[in-house]
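*Asks:* This structure is in structure tokens; I'll ask about it shortly.
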Amino acid sequence: MDNEVLIQQLNKLIEPKVTSLGYEFYHLELVKEEGEDYLRVYIDSENGISLQDCERVSRPISAMLDEDDPIPFGYYLEVSSPGVYRTLFNDYHLNKSMGAYVLIQLNSLLNGKREVQGELKSFDEEQVIIKDGVMDISIPKEKIKNISLTDKEEGGNK
């Protein structure tokens, strides 16, 4: 099975379960690290996420996955918060983070830099606009490798 198809199938199974438990389904990923496969499910809520919240979500997801058995190989299930410096995976995440300070890693140089940071001002289908303290910078989405929340003091425009 194609990994992308499997991810879509897992999203359809897991998102309703997470939301039925009163949490926001933030993201999921299926990754291989040091020869082991991990299914990581990120959850969120207005009040933050505790270890108990992760346990509360992990048990029913694990039971559901054991029953439906959609993953054709062994894996470890991890349920966690997306964290303070969370990656912004989609337009919904960008919209919720409007006005926040972000670090944007680029897949190619933009004005001689591999990453830029600034206040998230706006976005559309084609670009993300940040203010770096001096001026607005328009970054084409096709040049963006990753966008995550950060502190003003973290990193630098490299």
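For the sequence shown, my numbering gives the first residue as 8, with consecutive numbering after it.
Cβ atoms here follow ideal geometry from the backbone N, Cα and C, with glycine treated the same way.
(1) Would you tell me roughly how many angstroms separate the C-alpha atoms of Asn18 and Leu35, rounded to the nearest one?
(2) Locate the alpha helix (DSSP H) running through Asp75, then write down its first and last residues.
(3) How big is the Cα-Cα spacing for Asn114 and Leu127?
(4) To the nearest angstrom, how far is it from the Cα of Ile50 to the Cα of Glu133?
(5) Can you grab the Cα-Cα spacing for the pair Asn97 / Gly125, in whole Å?
(6) What residue range does the alpha helix (DSSP H) around Asp98 cover?
(7) Leaving out the 5 sequence neighbours to the left and right, which residues in its chain are closer than 6 Å to Asp139 when beta-carbon positions are compared?
*Replies:* On the basis of the data shown:
(1) Along the sequence shown, read from residue 1 onward, the residue named residue 18 stands at position 11. Along the sequence shown, read from residue 1 onward, the residue named residue 35 stands at position 28. Rounded to whole angstroms, Asn18 to Leu35 spans 7 Å at the Cα level.
(2) For the purposes of this step, residue 75 is taken as residue 68 along the sequence shown, with counting starting at 1. Counting along the chain, the alpha helix (DSSP H) containing Asp75 begins and ends at Leu58 to Asp75.
(3) Numbered from its first residue, the sequence shown carries residue 114 at position 107. Numbered from its first residue, the sequence shown carries residue 127 at position 120. Taking the straight line joining both Cα atoms gives about 19 Å.
(4) Position 43 of the sequence shown, counted from the start, is the residue given in the question as residue 50. Position 126 of the sequence shown, counted from the start, is the residue given in the question as residue 133. Near 28 Å, if we compare the C-alpha coordinates of Glu133 and Ile50.
(5) For the purposes of this step, residue 97 is taken as residue 90 along the sequence shown, with counting starting at 1. For the purposes of this step, residue 125 is taken as residue 118 along the sequence shown, with counting starting at 1. About 18 Å.
(6) The residue labelled residue 98 in the question sits at position 91 within the sequence shown. The continuous alpha helix (DSSP H) containing Asp98 extends over residues Asp98 to Lys103.
(7) As a working mapping, residue 139 is identified with position 132 in the sequence shown. Closer than 6 Å at Cβ, skipping near neighbours: Gly125.
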